[in-house]
Structures are given as C-alpha cells and as structure tokens.
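A.B. asks: Residue numbers (this note's numbering): 1 to 118.
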C-alpha cells in the first residue's frame with residue numbers, strides 16, 4: 001500500500017484547505033484510511049478516519065466538529081479531509097494512515113504541513 005498526501009499549505013485563520021490522500025497498491029487489504037496530525041511538541045493524534053464500508057469517525061469531536069469532513073472518492077482511490085474555519089491551533093503536520101488487515105497493520109504516508117496564521 002502506498003499513500004500520497006497533498007494539499008497542505010499556509011492559510012489565514014477562518015480559511016479552508018482540502019487535503020488529499022491518494023491510495024495505491026493492495027487497497028483490498030485496507031480496513032480504514034485516517035488523517036492524523038502532529039503539532040510541534042505534541043503527540044500525533046487522530047483527526048478522522050473512514051472505514052472501507054464508508055463509516056466515518058471523528059476523534060476529539062470538540063476540536064474539529066462541524067469544521068472538518070472526511071470523505072472519499074472510491075473511483076479515484078482518494079480520501080479527502082475538508083477543513084473549514086481553520087484556527088491557528090490546527091497548525092500541524094497532517095498524516096495519512098492506513099489500517100491494514102495484515103502485518104504491520106499500520107502504514108503511514110508522508111506528512112503535509114498545514115500552517116494557519118492568525
């Protein structure tokens with residue numbers, strides 16, 4: 001499985017970005033695709049994920065609820081994270097992650113940096 005994340009950048013507070021995670025390889029082995037983020041000096045945390053059945057999950061809902069939306073285009077094998085009303089505290093490196101049905105069970109793509117200026 002290969003994951004190619006893109007779409008990060010610099011945006012002003014209140015702005016929007018859409019991150020993309022292009023998935024290739026043995027996609028049938030994927031149980032879920034998720035977006036994680038890691039802010040400077042903090043641990044990596046789950047933002048949202050979507051299962052192969054299309055069920056979505058948002059972690060720590062208060063921080064992203066109503067602002068972030070995860071979705072997918074199965075024809076393009078791409079998972080998106082639409083981020084609206086961005087805040088400076090959303091600044092982080094965002095990583096695409098695949099939960100696999102076989103060892104090593106986790107696969108990470110490269111990160112994409114999102115910087116939100118105040």
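Glycine is no exception: its CB is placed at the ideal position from the N, C-alpha and C atoms.
Are residue 67 and residue 85 closer than 8 Å when you measure CB to CB?
C.D. replies: Working through the chain shown from its first residue, we reach residue 67 at position 67. Working through the chain shown from its first residue, we reach residue 85 at position 85. It is a contact, given that the beta carbons lie within the stated cut-off.
A.B. asks: For the candidate residues 36, 65, 72, whose alpha-carbon lies nearest to that of residue 109?
C.D. replies: Reading the chain shown from its first residue, position 109 is the one you call residue 109. Out of 36, 65, 72, 36 has the C-alpha closest to the C-alpha of residue 109.
A.B. asks: Can you tell me whether residue 90 is buried or exposed? The criterion is at least 16 other CB atoms within 10 Å of its CB, across all chains shown.
C.D. replies: Locating residue 90 in the chain shown gives position 90, counting from the first residue. So residue 90 ends up on the buried side.
A.B. asks: Going residue by residue through the region 2–46, where are the continuous alpha helix (DSSP H) segments of at least 4 residues, counting only ones entirely within it?
C.D. replies: none
A.B. asks: Taking 8 Å as the cut-off, decide whether the C-beta atoms of residue 116 and residue 76 are in contact.
C.D. replies: Here residue 116 corresponds to residue number 116 of the chain shown, with the count starting at 1. Here residue 76 corresponds to residue number 76 of the chain shown, with the count starting at 1. No. Outside cutoff.
A.B. asks: Give the single residue among 15, 20, 16 whose Cα lies nearest to the Cα of residue 5.
C.D. replies: Your numbering for residue 5 matches position 5 in the chain shown. Measuring from the Cα of residue 5, the nearest candidate turns out to be 20.
A.B. asks: If you check the beta carbons only, do residue 3 and residue 48 fall under 8 Å apart?
C.D. replies: Walking along the chain shown from the start, residue 3 turns up at place 3. Walking along the chain shown from the start, residue 48 turns up at place 48. Not in contact: residue 3 and residue 48 (Cβ atoms no closer than 8 Å).
A.B. asks: For residue 60, which three-state DSSP category applies?
C.D. replies: Position 60 of the chain shown, counted from the start, is the residue given in the question as residue 60. Per DSSP, reduced to three states, the secondary structure at residue 60 is coil, with no helix or strand assignment.
A.B. asks: Pop quiz: residue 13 and residue 118 are said to be a contact at Cβ under 8 Å. What is the actual Cβ separation, rounded to whole angstroms?
C.D. replies: Reading the chain shown from its first residue, position 13 is the one you call residue 13. Reading the chain shown from its first residue, position 118 is the one you call residue 118. Contact holds; Cβ gap of about 5 Å.
A.B. asks: Report the start-end ranges of each beta strand (DSSP E) in the region 89–118 that is 3 residues or longer and not cut off at the edges.
C.D. replies: 92–100, 106–117
A.B. asks: Locate the beta strand (DSSP E) running through residue 71, then write down its first and last residues.
C.D. replies: Stepping through the chain shown from its first residue, residue 71 is reached at position 71. Counting along the chain, the beta strand (DSSP E) containing residue 71 begins and ends at 68–73.
A.B. asks: Which residues share a DSSP beta bridge with residue 51?
C.D. replies: Taking the chain shown and counting its residues from 1, the one referred to as residue 51 is at position 51. DSSP, once it has assigned bridges, lists 32 as partnering residue 51.
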